[in-house]
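Remarks on the structure that follows.
Protein chains in written order, with the numbering used here: chain A, 14 to 196; chain B, 126 to 529.
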């Protein structure tokens, strides 16, 4: 009988130590999972903020615009400021153009008196080297604001732009390098 | 003893449950982390595929231009069987490219090239142009000197346009490689060697109307391809000698002492393996309706009033090629014209001097050029208009654009 009672008592469930151990392990696992989830959420939030903040979208637009313009530019002529503050490339308007007849100038505009940061602008227009005033300005477009640093470089057929955008809370460095494909 | 063993066996079930629980939790965590990275990996793969597809499209375009240039070797040019390719593999990656060249010699040629990598596809279109040796008005491998009161401008003998902007330049990046003296005017752009600083390479005391800039790449002087011609021995011109197209050939030397060498009846091509010596008022006359092309392996000397008289007044009708390449022993060209001269000179290994009050119409590609005082140099833009049947031409990409 004594043997039977002992057996029934043991088969009722877990011991207190087993329960404590199980709970402790569960807490550790849950904490691990929780920390991982919170970290990943924070990481995602940070990535989301970086991906969709104004300086990031501005930088993306600047890179795309620079890339699209330079890739179609003529490799024969490309003017670059000695300090790298502006670059001017020349393009064909269409297939019927026998010579380059468009120009595009990317330039850094420093901050004004009451402004914290500068701008990246694009001036574009018609180009006629046989005219006394070869540049016929069609328009000037502000590519992006919050520009704290901008420099252009040239090496062979390749042109690059290094742009730092800073809105006070986010800081993004945009680097774009493109090859001039036309003659 | 048997009962005690049974009880112990039942206790070990808790550990299995806990282990299973831990495995399930770890599995869920792993799945979560994997799914977090999945979108990023897909995005990165798409991006890299697009880059590879773009490279493949450009590779197709490059191959199309290469095949067009190889096709140029076989004369006469034919617009049939223009290069094309379908799904050619790009070595070293999983990309393929296809291209097709369309067009003809009258409307020009267009290349459509498409690159594929995985599911990404990129397509580019380029128009081609033929480039000859005379795209520049004046181009010197080393030094270019325009002394006082010289004028350099452009015109087009075929369209009648005048006052066109020209391009002169040097391949050098050394200081003062281009000297423009007081009163001299360059009506166009001045180009210096790749990597050079125009402010130091150009010593300007005159006027440059256009831009000054450094070339994007080092200038290449193509090696001249001399056509195969029959051997004719030496040519001596004692009195008046007339050469017709049937007299085209390879001559050992050309010498004259007061004689007249007339070029008549069409296009005459001379390959001179030795020297050309014209002395004492002797003259080469190119009659209207004719043209002369000289390939010179040796030196050329027109002295004591000797000269070339291109009576057609068209620069294309007199072309003078020096066949030595830069780095070879230099050839000497001594040509002194008092009045007007029409022609194009390609001599990248030769030093040329234009004397005072000379008027030269055409183009000069040389090692160095010195234009003395009061000279007028007029570049004929018609020299740029070359055809696929001309020698020493090549296809280049004129306009490139990517299709959306």
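Virtual Cβ for every residue (Gly too), placed ideally from N, Cα, C.
Predicted model, so just to flag it, every value in this text is computed and none were measured.
Could you give the distance in angstroms between the alpha-carbon of residue i and the alpha-carbon of residue j?
{"i": "residue 416 of chain B", "j": "residue 333 of chain B", "result": "34 Å"}
{"i": "residue 388 of chain B", "j": "residue 428 of chain B", "result": "20 Å"}
{"i": "residue 293 of chain B", "j": "residue 85 of chain A", "result": "25 Å"}
{"i": "residue 97 of chain A", "j": "residue 155 of chain A", "result": "18 Å"}
{"i": "residue 131 of chain A", "j": "residue 239 of chain B", "result": "40 Å"}
{"i": "residue 517 of chain B", "j": "residue 185 of chain A", "result": "50 Å"}
{"i": "residue 171 of chain B", "j": "residue 55 of chain A", "result": "26 Å"}
{"i": "residue 566 of chain B", "j": "residue 338 of chain B", "result": "Past the edges of chain B, shown from 126 to 529, lies residue 566 of chain B, and the structure says nothing about it."}
{"i": "residue 312 of chain B", "j": "residue 168 of chain B", "result": "53 Å"}
{"i": "residue 478 of chain B", "j": "residue 328 of chain B", "result": "19 Å"}
{"i": "residue 193 of chain A", "j": "residue 58 of chain A", "result": "38 Å"}
{"i": "residue 474 of chain B", "j": "residue 245 of chain B", "result": "49 Å"}
{"i": "residue 406 of chain B", "j": "residue 459 of chain B", "result": "14 Å"}
{"i": "residue 228 of chain B", "j": "residue 520 of chain B", "result": "14 Å"}
{"i": "residue 364 of chain B", "j": "residue 378 of chain B", "result": "17 Å"}
{"i": "residue 231 of chain B", "j": "residue 394 of chain B", "result": "26 Å"}
{"i": "residue 131 of chain B", "j": "residue 28 of chain A", "result": "With a pLDDT of only 47 at residue 131 of chain B, under 50, the local geometry of the prediction cannot be trusted, and the value read off the model is given with reservation. In a straight line, the C-alpha of residue 131 of chain B is about 17 Å away from that of residue 28 of chain A."}
{"i": "residue 169 of chain A", "j": "residue 309 of chain B", "result": "31 Å"}
{"i": "residue 160 of chain A", "j": "residue 102 of chain A", "result": "21 Å"}
{"i": "residue 177 of chain B", "j": "residue 163 of chain A", "result": "29 Å"}
{"i": "residue 317 of chain B", "j": "residue 89 of chain A", "result": "12 Å"}
For residue i, count the other beta carbons within 10 Å of its own beta carbon; 16 or more makes it buried, fewer makes it exposed. Which is it?
{"i": "residue 277 of chain B", "result": "buried"}
{"i": "residue 141 of chain B", "result": "exposed"}
{"i": "residue 52 of chain A", "result": "exposed"}
{"i": "residue 434 of chain B", "result": "buried"}
{"i": "residue 200 of chain B", "result": "exposed"}
{"i": "residue 82 of chain A", "result": "buried"}
{"i": "residue 43 of chain A", "result": "exposed"}
Kindly indicate which three-state DSSP category residue i falls into: helix, strand or coil?
{"i": "residue 323 of chain B", "result": "helix"}
{"i": "residue 33 of chain A", "result": "helix"}
{"i": "residue 58 of chain A", "result": "helix"}
{"i": "residue 417 of chain B", "result": "strand"}
{"i": "residue 168 of chain B", "result": "helix"}
{"i": "residue 139 of chain A", "result": "strand"}
{"i": "residue 279 of chain B", "result": "strand"}
{"i": "residue 449 of chain B", "result": "coil"}
{"i": "residue 193 of chain A", "result": "coil"}
{"i": "residue 440 of chain B", "result": "helix"}
{"i": "residue 152 of chain B", "result": "helix"}
{"i": "residue 71 of chain A", "result": "helix"}
{"i": "residue 244 of chain B", "result": "coil"}
{"i": "residue 361 of chain B", "result": "strand"}
{"i": "residue 407 of chain B", "result": "coil"}
{"i": "residue 514 of chain B", "result": "coil"}
{"i": "residue 26 of chain A", "result": "coil"}
{"i": "residue 194 of chain B", "result": "helix"}
Is there a Cβ of chain B sitting closer than 7 Å to that of residue i, yes or no?
{"i": "residue 46 of chain A", "result": "yes"}
{"i": "residue 10 of chain A", "result": "Past the edges of chain A, shown from 14 to 196, lies residue 10 of chain A, and the structure says nothing about it."}
{"i": "residue 114 of chain A", "result": "no"}
{"i": "residue 194 of chain A", "result": "yes"}
{"i": "residue 32 of chain A", "result": "no"}
{"i": "residue 64 of chain A", "result": "no"}
{"i": "residue 49 of chain A", "result": "yes"}
{"i": "residue 14 of chain A", "result": "With a pLDDT of 45 at residue 14 of chain A, under the threshold of 50, the modelled position of that residue is not reliable, and the figure given next carries that caveat. With 7 Å as the cut-off, residue 14 of chain A does not count as an interface residue toward chain B."}
{"i": "residue 71 of chain A", "result": "no"}
{"i": "residue 191 of chain A", "result": "no"}
Using a Cβ-Cβ distance cut-off of 7 Å, determine whether residue i contacts chain A.
{"i": "residue 522 of chain B", "result": "yes"}
{"i": "residue 252 of chain B", "result": "yes"}
{"i": "residue 342 of chain B", "result": "yes"}
{"i": "residue 154 of chain B", "result": "yes"}
{"i": "residue 338 of chain B", "result": "yes"}
{"i": "residue 163 of chain B", "result": "no"}
{"i": "residue 506 of chain B", "result": "no"}
{"i": "residue 188 of chain B", "result": "no"}
{"i": "residue 193 of chain B", "result": "no"}
CB of residue i to nearest heavy atom of the ligand MG: below 6 Å?
{"i": "residue 503 of chain B", "result": "In the structure on display, the ligand MG does not appear, and there are no ligands present to speak of."}
Using the beta-carbon of each residue, which ones in chain E are nearer than 9 Å to residue i?
{"i": "residue 38 of chain A", "result": "In summary, chain E is missing from the structure at hand, where the protein chains are A and B."}
Contact set between the segment 141-174 of chain A and chain B, restricted to residues whose Cβ is under 7 Å from the partner = From the segment 141-174 of chain A, only 142, 143, 169, 170 have a Cβ closer than 7 Å to chain B.
query = When Cβ atoms are compared, which residues of the segment 198-219 of chain B fall closer than 8 Å to chain A?
reply = Answer set for the segment 198-219 of chain B: empty.
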